[in-house]
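Counting from 385, one number per residue, gives the positions in the sequence shown under the numbering used here.
Please read the structure below before turning to the comments.
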Amino acid sequence: MMLRGRHRGLLASRLAPYLAILLSVSAGCGSFRPADPSRLNSSVATYADEVWPPRYAETLVPDNAEVRSMRRTFGNLTRDGFEFFGRGPVRANDLGAFGVGRVARVEVPNPPLPGINHDWAAMYWAVTSTLAPEDLADLVSEQGPDVHVGTTTRLTVGRLFKPARGVRARGLVVHQTGITGYKVEQTMLRNLRRRGWAVLVITPPANIMDREEILVGRRVLAIGEGEEITTIDEAGRVLAALVDDRFAEWGYACEALLMAIEQEYPEIPQRPGVLIGLSLGAIVLPATAARLGDRFDAAVLIAGGSNFLEIVRSSSLGRGGVRLTVDGRTATPEEWGALVEAYLEHSHLDPHNAAHALRSMPVLMLHATMDRIVDAGRGEELFERLGRPDRLVYPLGHLGISWLLPMFGPRIADWLDLHTPSDPVDGG
């Protein structure tokens with residue numbers, strides 16, 4: 385097809401801004417802004433046990449009703465996030481209890497997707513239960529041994545990648561992905577492996593991807609359905625408890641997976657340890673640090689933000705299922721503001737509050753100034769809550785900074801070289 389001069393000029397004028405951005409980014413023109421030197425002197429938040437929603441590893445003993453139900457729910461699982469792996473059933477070999485959950489090593493037959501990196505050393509399921517053993521016993525007594533209780537289980541997939549062949553193991557990177565898996569991060573992760581890092585990739589827990597779809601904008605979830613909520617403060621408390629429960633799962637899964645890997649691969653040093661998160665993984669990263677901060681020496685947050693309630697409300701993907709009605713009418717801006725204030729007051733693990741758990745370590749942020757999926761303003765807020773850490777700023781949107789991660793990978797690896805030990809740390 386031939387384009388005449390006028391059409392060529394129109395096309396060029398429309399493409400010019402995008403080409404200019406791409407060329408500037410590829411030329412390394414993103415601005416680096418060093419950290420506020422006083423941020424590491426700030427006090428670090430501590431989290432009492434009661435902050436963490438309960439989980440019961442002892443409920444998940446082999447052959448009980450919950451495990452049988454879980455097998456019916458996940459036994460032929462062929463989907464992890466949006467990545468399809470096997471046409472047949474997976475095989476999960478239980479490794480035992482770790483932390484508040486159990487870990488199984490998973491064998492997936494014949495992965496069919498050519499674009500996915502399958503050279504992992506091991507694939508794991510970390511599984512927790514929100515059902516106390518005594519409650520399970522009551523259900524079995526009332527409804528029989530085949531009672532379906534699979535919705536009380538939480539399942540998270542982790543994949544362990546060893547350092548590149550011939551490279552001495554240096555430490556461990558834990559990478560928390562966004563909701564679309566880790567396709568766009570593969571080049572960045574390979575770069576880290578070539579520098580001696582083992583990498584544990586953790587994708588969103590299964591409950592975030594299905595039941596409470598408030599978190600990914602698939603449908604409206606009636607918060608407090610079945611219970612009467614009479615005040616905005618109470619609505620904020622219910623929302624905070626829901627988000628804290630879901631965010632805590634990442635920390636529980638990371639904790640269990642690290643313990644299992646230490647048992648299975650003692651030759652892989654876990655210190656120095658690094659936390660990296662992209663998109664949703666970056667939003668949840670402060671909660672993981674609140675659970676396991678003493679295991680990590682540095683963190684990298686890519687396209688993250690603070691105040692999850694405002695993130696899902698303002699996202700170009702939709703409102704995330706969050707809607708506030710008062711007496712049957714849509715809430716006023718003032719009432720919405722009161723809900724957000726109540727939510728932040730009651731939440732412990734929203735990045736607005738949990739960001740303080742990262743004030744004891746070097747942090748690098750990658751920020752997209754044109755982000756509308758995780759609104760750029762929420763990224764600015766996270767930057768402030770983190771104490772103004774090192775930051776790379778690019779004139780990109782959310783998808784742009786994700787797609788161009790192969791270009792940013794070397795800068796991230798260089799930054800880690802500067803801020804973490806080059807050799808394993810004793811006791812790691």
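Where a beta carbon is used, it is the ideal one built from N, C-alpha and C, also for glycine.
None of these values were measured; they are calculated from a predicted model.
Sequence-distant partners of ARG417 (beyond 5 residues in either direction) whose C-beta falls short of 6 angstroms from its own C-beta, in its chain, are ARG775. Judged by DSSP secondary structure, VAL684 falls outside any alpha helix (DSSP H) and instead within the beta strand (DSSP E) spanning 682 to 686. Taking each of ASP433, GLY771, PRO656 and THR514 in turn and checking the Cα distance to LEU556, the smallest one comes out for PRO656.
For ALA521, the closest C-alpha among the options ALA488, ALA481, LEU444 and ARG543 is that of LEU444.
About 5 angstroms separates the CB atoms of ALA683 and VAL747; that is less than 8 angstroms, so the two are in contact. Using a C-beta cut-off of 8 angstroms, the region 628 to 638 makes contact with the region 724 to 741, since at least three inter-stretch Cβ pairs fall below that distance. Counting of Cβ neighbours within 10 angstroms places GLN647 among the exposed residues, the total staying below 16. Per DSSP, ARG423 is not a residue of any alpha helix (DSSP H), being assigned neither H nor E. The alpha-carbon separation between ARG552 and GLY784 amounts to approximately 33 angstroms. Given a length threshold of 4 residues, each whole run of the alpha helix (DSSP H) inside the region 692 to 778 is given here in chain order: 692 to 698, 717 to 730, 735 to 738 and 760 to 769. When DSSP states are grouped into helix, strand and coil, THR537 belongs to the strand group.
In this structure, the beta-carbon distance from ARG743 to GLY771 falls below 8 angstroms.
Here the alpha carbons of HIS740 and LEU685 stand approximately 14 angstroms from one another. Residue burial annotation: SER422 is exposed, with fewer than 16 other C-beta atoms found within 10 angstroms of its C-beta.
Cα atoms of VAL696 and VAL758: separation of roughly 8 angstroms, rounded to the nearest angstrom. Straight through space, the alpha carbons of SER806 and PRO773 are spaced by roughly 22 angstroms. A residue is called buried when at least 16 other Cβ atoms come within 10 angstroms of its Cβ; LEU802 does not meet this threshold and is exposed.
Around the beta carbon of VAL710, fewer than 16 other beta carbons sit within 10 angstroms, so the residue counts as exposed. Using a Cβ distance threshold of 8 angstroms, PHE545 and ALA510 do not count as a contacting pair.
Taking ALA488 as the centre and dropping the five residues before and after it, the same chain places the C-beta of ALA476, ASN477, ASP478, LEU479, TYR508, TRP509 and VAL511 closer than 8 angstroms to its C-beta, in chain order.
The beta carbon of THR540 lies closer than 6 angstroms to those of ALA510, PRO589 and ALA637 in the same chain, with the five residues before and after it left out. Residues of the same chain with a CB within less than 8 angstroms of the CB of GLY781, apart from the 5 flanking positions on each side, are ALA752, MET754, ASP755, ARG756 and ILE757 in chain order. For SER525, the three-state secondary structure derived from DSSP is helix.
For GLY657, the uninterrupted beta strand (DSSP E) segment begins and ends at 657 to 662.
According to the DSSP assignment, GLN560 belongs to the beta strand (DSSP E) that extends over 555 to 560. Secondary structure at ASP617: helix, using DSSP grouped into helix, strand and coil. Boundaries of the beta strand (DSSP E) harbouring ALA506: 506 to 513, taken from the DSSP string. Exclusion of the five residues before and after ARG439 leaves VAL484, GLY485, THR512, SER513, THR514 and TYR636 as the residues of its chain whose Cβ lies within less than 7 angstroms of its Cβ.
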